[in-house]
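Participant: Let me begin by handing over the structure; questions about it come next.
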Amino acid sequence: MLPVLFSLGPIPISSFGLFLSLGFIYGSFLVWRLSRAWELNEEKILDLIILTFFGGLIGARIFFVLLNFQFFQIDLFKIVLITKYPGISFWGGFLGGWLTLFIFAKRLKFNFLQVADIAAVGFIGALILGDLGCFLGGCGIGRMSSIFLAVPMVGVLGKRFPVQIMEAFFLSVLLLKMWPKATHFHIHGKVLSLTLIYLGLIKFISEFFLALHMGGYFLSAFTSFLGIFFYYQVTKRSIKGDLISAYLNLGLLFTSRGKWNRILAAVHKNWYNFKVKWSLRVKSLSRFLRRARVKLTPKDI
């Protein structure tokens with residue numbers, strides 16, 4: 001779409017690089033807000049953010065090099081020339097970042113699960129802006145498509161499905177879901193486990209729309225199953241009991257008319273609350289914009 005946003009003299013500013021930087025800043029801001037809310041040492045948290053970022057960046061580069069080793073084995077010096085020979089891997093950054101977080105959270109004497117809950121929210125926020133930068137920069141290209149949402153991408157023929165925008169939308173919904181959980185009292189590790197479950201599911205769905213696949217199905221499914229495992233470990237719930245309960249509720253759903261009526265009533269109530277909430281937000285936004293356009297007069301001061 002727009003790989004280079006503008007140039008500062010001879011220096012081109014790439015859209016992906018800019019949005020990656022903005023993602024780091026936004027993710028760091030979310031982590032800082034949560035760490036402050038939970039009264040954690042802000043200086044140590046900042047150190048942990050920087051270490052985790054570089055750990056993720058190194059992991060992303062190493063994983064990309066391993067996937068494209070035929071290109072790099074000719075001249076290994078190309079590995080460090082990331083600006084001249086760009087390329088990073090999401091899953092490499094994911095593994096490298098979380099491994100770095102685990103190692104240094106222990107060294108800085110943090111509760112890993114508590115810090116991981118906070119980091120998970122910041123990670124989602126960073127991914128949203130990263131996906132937008134990927135859309136503009138032309139990475140993570142989707143399948144060729146003829147639907148009205150399809151757009152032309154740099155370096156490929158035909159219009160492509162905007163999988164990056166779809167993923168950013170789902171991640172935004174996930175962030176809205178995880179933020180209140182992270183700001184209220186919860187069992188340490190619960191936010192992390194839920195993030196892994198939903199993130200794996202989002203990535204698994206995205207794989208169906210990508211033009212190129214590099215083990216994404218397996219890694220996405222593994223991430224979700226890992227999240228489910230962590231969820232039952234930290235919450236001490238019984239997976240057997242939940243399966244039995246789900247089976248019984250499913251049976252009642254098809255045999256009980258009252259159950260259907262209660263579900264429909266709940267759906268109707270939630271939809272009504274959703275409409276009221278967003279109508280109030282739109283009204284308050286229009287009121288704010290009207291006030292913002294009002295110019296001050298001497299009487300107002």
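Residue numbers 1 to 301, in full-length UniProt numbering, belong to the letters of the sequence shown in order. For every residue, glycine included, the Cβ atom is placed at its ideal position computed from N, Cα and C.
Taking the straight line between their C-alpha atoms, what separation do you get for residue 133 and residue 262?
Facilitator: 44 Å
Participant: Counting pairs of Cβ atoms below 8 Å between the region 176-188 and the region 132-151, do you hit three or more?
Facilitator: no
Participant: Short of 6 Å in beta carbon distance, which residues of its chain neighbour residue 227, apart from the five on each side in sequence? Order them along the chain.
Facilitator: So the list reads 193, 196, 197, once near-sequence residues are dropped.
Participant: Could you tell me if residue 160 is buried or exposed, where buried requires 16 or more neighbouring beta carbons within 10 angstroms of its beta carbon?
Facilitator: buried
Participant: Cα separation between residue 269 and residue 173?
Facilitator: Distance between the alpha carbons of residue 269 and residue 173 is about 20 Å.
Participant: Could you tell me which of 225, 183, 122, 156 sits nearest to residue 22, measuring between CA atoms?
Facilitator: 122
Participant: Between the beta-carbon of residue 59 and the beta-carbon of residue 99, is there less than 9 Å?
Facilitator: A contact, by the Cβ cut-off of 9 Å.
Participant: Where residue 264 and residue 170 are concerned, what is the direct C-alpha to C-alpha distance, given to the nearest angstrom?
Facilitator: 25 Å
Participant: Under a three-way DSSP split, which group does residue 153 fall into?
Facilitator: coil
Participant: Hey, quick one: how far does the alpha helix (DSSP H) through residue 124 stretch, first residue to last?
Facilitator: Run containing residue 124: 112-137, per the alpha helix (DSSP H) assignment.
Participant: According to DSSP, residue 3 sits in a beta bridge with which residue or residues?
Facilitator: Residue pairing for residue 3: DSSP places it in no beta bridge.
Participant: Which first and last residues belong to the beta strand (DSSP E) in which residue 306 is found?
Facilitator: Because the chain in this structure spans residues 1 to 301, residue 306 falls outside the shown range and cannot be described.
Participant: Roughly how many angstroms separate the alpha carbons of residue 29 and residue 101, rounded to a whole number?
Facilitator: 17 Å
Participant: Look at the alpha carbon of residue 11 and the alpha carbon of residue 17, and state the distance between them as a whole number of angstroms.
Facilitator: One Cα belongs to residue 11, the other to residue 17, and the distance between them is close to 13 Å.
Participant: If the criterion is Cβ atoms closer than 9 Å, does the pair residue 333 and residue 6 meet it?
Facilitator: Since the displayed the chain opens at 1 and closes at 301, residue 333 lies outside it and no answer follows.
Participant: For the alpha helix (DSSP H) containing residue 44, name the first residue and the last one.
Facilitator: 42-67
Participant: Use the C-beta contact count for residue 223: other C-beta atoms within 10 angstroms, 16 or more gives buried, fewer gives exposed.
Facilitator: Buried, by the Cβ-count rule.
Participant: According to DSSP, simplified to helix, strand and coil, what is residue 160?
Facilitator: strand
Participant: Rounding to the nearest angstrom, what Cα-Cα distance links residue 26 and residue 248 in this structure?
Facilitator: 44 Å
Participant: Given this structure, state the Cα-to-Cα distance separating residue 274 from residue 181, to the nearest angstrom.
Facilitator: Our two residues, residue 274 and residue 181, have alpha carbons roughly 19 Å apart in a direct line.
Participant: Scan the region 183-246 and note each continuous alpha helix (DSSP H) run of 4 residues or more that stays entirely inside, going in chain order.
Facilitator: Here the runs fully enclosed are 190-207, 216-235.
Participant: How close, in whole Å, do the beta carbons of residue 31 and residue 49 come, if the pair is a contact with beta carbons under 8 Å?
Facilitator: Confirmed, about 6 Å.
Participant: Taking the alpha helix (DSSP H) that residue 103 belongs to, which residues open and close that run?
Facilitator: Residue 103 -> alpha helix (DSSP H) spans 90-107.
Participant: State buried or exposed for residue 271, treating a residue as buried only when at least 16 other CB atoms are found within 10 Å of its CB.
Facilitator: exposed
Participant: Which residue from 34, 92, 15 puts its Cα closest to that of residue 53?
Facilitator: 92
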